[in-house]
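One structure is given here, and the rest of the page talks about it.
Numbering (this note's numbering), first residue to last: 643 to 831.
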C-alpha cells in the first residue's frame, strides 16, 4: 500500500480509521461491488514487475489477481438476482460462450463467433423469456450457478458477468472478452 500512497500516514488517517476503510474496500472488491482502483493498481504493479524482470513477484501478483477475479465471478454469479449472462472465451478459437442464469438457474448456454451481435441479441431475448416463465427457485436455485462458476473458475481468461436487461449489455461484455483474449478476427461494432 505504501507504493500506492494508501498507507495510513500517506492517506492522512488514524490507524483504526485506516483499518476500517481497507477492510471495507477489500470486502467490496470481493463482493464485486467496487475496489476497481485496487485491482487496477495490482495489475499495474504486476506489469511493472514484469518489465523490471522480476518474474516471480509478477507471477505471485498474477495469481492473486486471478484469485480475486474468480471470487468476484463466483459471488456475482451465485448471488445475482434476476436474469444475468456470463460471457467467457471458448476453447475454440474466435468463439465465446454465454451462460444465461436466472435466480441461480441455468436457462441457456450457447457459443457465438466473435461479431455475432444478432445472435447475442436473440439469445438475450430468449433467456429473458425463459426467465419469466420459471417458477420460484427456492433454496436450491443457486446450485446451477455454483456449477457454472466452478466450471469457469477452472478456466483461464477474462470472464464477464452482466445483467440481462438490454441486449447491448451482452454485446458489450462479449466485446470486452474478445478484446481481452486478443483474437478479434471480426470486430464487434
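The beta-carbon is built from N, C-alpha and C at its ideal position, and this holds for glycine as well. Computed from a prediction, not measured in an experiment: that's the story for all the values here.
Applying the 10 Å Cβ sphere with the 16-neighbour rule, what's the burial state of residue i?
| i | result |
| --- | --- |
| residue 789 | exposed |
| residue 709 | exposed |
| residue 774 | exposed |
| residue 758 | buried |
| residue 693 | exposed |
| residue 661 | exposed |
| residue 703 | buried |
| residue 747 | buried |
| residue 745 | buried |
| residue 735 | exposed |
| residue 819 | buried |
| residue 828 | Low confidence applies here, because residue 828 scores a pLDDT of 40, under 50, leaving its location unreliable; read the following figure in that light. Flag for residue 828 reads exposed. |
| residue 688 | buried |
For residue i, collect the residues of the same chain with a Cβ closer than 6 angstroms to its Cβ; drop the 5 residues on either side in sequence, then sort them by chain order.
| i | result |
| --- | --- |
| residue 805 | 726 |
| residue 751 | 741 |
| residue 668 | none |
| residue 766 | 806, 809, 812 |
| residue 743 | 726, 787 |
Kindly give me the distance between the Cβ atoms of residue i and residue j, rounded to whole angstroms, as I take these residues to be in contact under 8 angstroms.
| i | j | result |
| --- | --- | --- |
| residue 812 | residue 801 | Wrong, their Cβ atoms sit about 14 angstroms apart, outside the cutoff. |
| residue 809 | residue 763 | 4 angstroms |
| residue 803 | residue 728 | 5 angstroms |
Bridge partners for residue i per DSSP, in chain order?
| i | result |
| --- | --- |
| residue 741 | 728, 751 |
Could you give the first and the last residue of the continuous beta strand (DSSP E) run that contains residue i?
| i | result |
| --- | --- |
| residue 805 | 802 to 805 |
Only counting the same chain, and skipping five residues up and downstream in sequence, which positions put a Cβ closer than 8 angstroms to that of residue i?
| i | result |
| --- | --- |
| residue 770 | 725, 806 |
| residue 706 | 684 |
Return the first residue and the last residue of the alpha helix (DSSP H) that residue i is part of.
| i | result |
| --- | --- |
| residue 786 | 785 to 795 |
| residue 774 | 759 to 775 |
Closer than 7 angstroms by C-beta to residue i: which residues in its own chain qualify, once you throw out the five before and the five after it? Chain order, please.
| i | result |
| --- | --- |
| residue 760 | none |
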